[in-house]
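First comes the structure, then the notes that go with it.
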Amino acid sequence: MIIKSIEGKIRLATVVAIGSLICSLLISAVVSFFAWKQVVNARQSVYILAGNIPILARQTDVQMNRPAEYKAHIDLFHSIFFSVTPDDKYIEYQMKKAMYLVDESGMQQLNNLKERGYFTSILSSSSVLTLQTDSIFIDPERQYFRYYGKLKIDRRSSTIMRSLITEGYLKDIPRSENNPHGLLITGWKTLENKDLENVQKNTF
Numbered sequence: 001m002i003i004k005s006i007e008g009k010i011r012l013a014t015v016v017a018i019g020s021l022i023c024s025l026l027i028s029a030v031v032s033f034f035a036w037k038q039v040v041n042a043r044q045s046v047y048i049l050a051g052n053i054p055i056l057a058r059q060t061d062v063q064m065n066r067p068a069e070y071k072a073h074i075d076l077f078h079s080i081f082f083s084v085t086p087d088d089k090y091i092e093y094q095m096k097k098a099m100y101l102v103d104e105s106g107m108q109q110l111n112n113l114k115e116r117g118y119f120t121s122i123l124s125s126s127s128v129l130t131l132q133t134d135s136i137f138i139d140p141e142r143q144y145f146r147y148y149g150k151l152k153i154d155r156r157s158s159t160i161m162r163s164l165i166t167e168g169y170l171k172d173i174p175r176s177e178n179n180p181h182g183l184l185i186t187g188w189k190t191l192e193n194k195d196l197e198n199v200q201k202n203t204f
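Right, here's the structure in full:
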């Protein structure tokens, strides 16, 4: 009876020891998980000093905001490239800014416009061009986009409204002062640029 009692106590002690070890491991795993989660959340918290008062600013996942940045980048490029005034220095400045946002396909279109006398006609007719964005379609998986807009050309003698449709792709690059969204438009081309209406002005 004594031997059986000792064996039972040893067995019970072994079970208790193993159970305690398993519980300790589970508790350690749970504590470690919550500690890791707290560290991750803390890294997403940024404090900005306004005077001597710390203000909590929250970081956001870049990928969550990327589709909005795609549209903002496309809209910015088209606005800079197409919205110009009859000022050769201003046109040169705008085109220089636009080229930071697009690959060599943008330079090709710019050279084609120069060869056709596009900018010369803007200067000679004192035209003011204003681009209005209608919509931007984006396929995030392919990073493909299609841009729809209307280009208003205001001349001394008439006001012309054109339909503008372009397409291209987007490439992620490091952000810079000249390219704040960290994107580059590639394979850019114009699909449609046709007159919708031409309203003549009274010149007398």
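The C-terminal residue of the sequence shown carries number 204 in full-length UniProt numbering, and the numbering is unbroken.
Glycine included, C-beta positions come from ideal geometry on N, C-alpha and C.
- Query: What three-state label does DSSP hand residue 182 in the structure shown?
  - Reply: Assigned with DSSP and collapsed to three states, residue 182 falls in coil, not helix or strand.
- Task: Throw me the rounded Cβ distance for the residue 123 and residue 86 pair, which I believe falls under 8 Å.
- Result: About 5 Å separates the two Cβ atoms, so the contact holds.
- Item | Rounded straight-line distance, which links the Cα of residue 120 to that of residue 71 | Going by the C-alpha atoms only, they are around 31 Å apart.
- Message: Give me the residue from 80, 200 and 177 with the minimum Cα distance to residue 106.
- Response: It is 80 whose Cα lies nearest to the Cα of residue 106.
- Task: Figure out for me which residue from 112, 187, 75 and 82 has the closest Cα to the Cα of residue 104.
- Result: Closest in alpha carbon position to residue 104, among 112, 187, 75 and 82, is 187.
- Task: Determine the direct distance from the alpha carbon of residue 159 to that of residue 110, and round the result to whole angstroms.
- Result: Distance between the alpha carbons of residue 110 and residue 159: 23 Å.
- Residue range of the alpha helix (DSSP H) that includes residue 113: For residue 113, the enclosing alpha helix (DSSP H) begins and ends at 104-115.
- Query: From what residue to what residue does the alpha helix (DSSP H) around residue 123 run?
  - Reply: Where residue 123 is concerned, the enclosing alpha helix (DSSP H) stretches over 118-124.
- Task: To the nearest angstrom, report how far apart residue 28 and residue 11 are at their CA atoms.
- Result: Residue 28 and residue 11: Cα-Cα distance of roughly 26 Å.
- Roughly how many angstroms lie between the CA atoms of residue 17 and residue 8, to the nearest whole one? Counting only the Cα atoms, residue 8 lies some 14 Å from residue 17.
- Compare the beta carbon distance of residue 151 and residue 129 with 8 Å and say whether it is the shorter of the two. Contact: yes.
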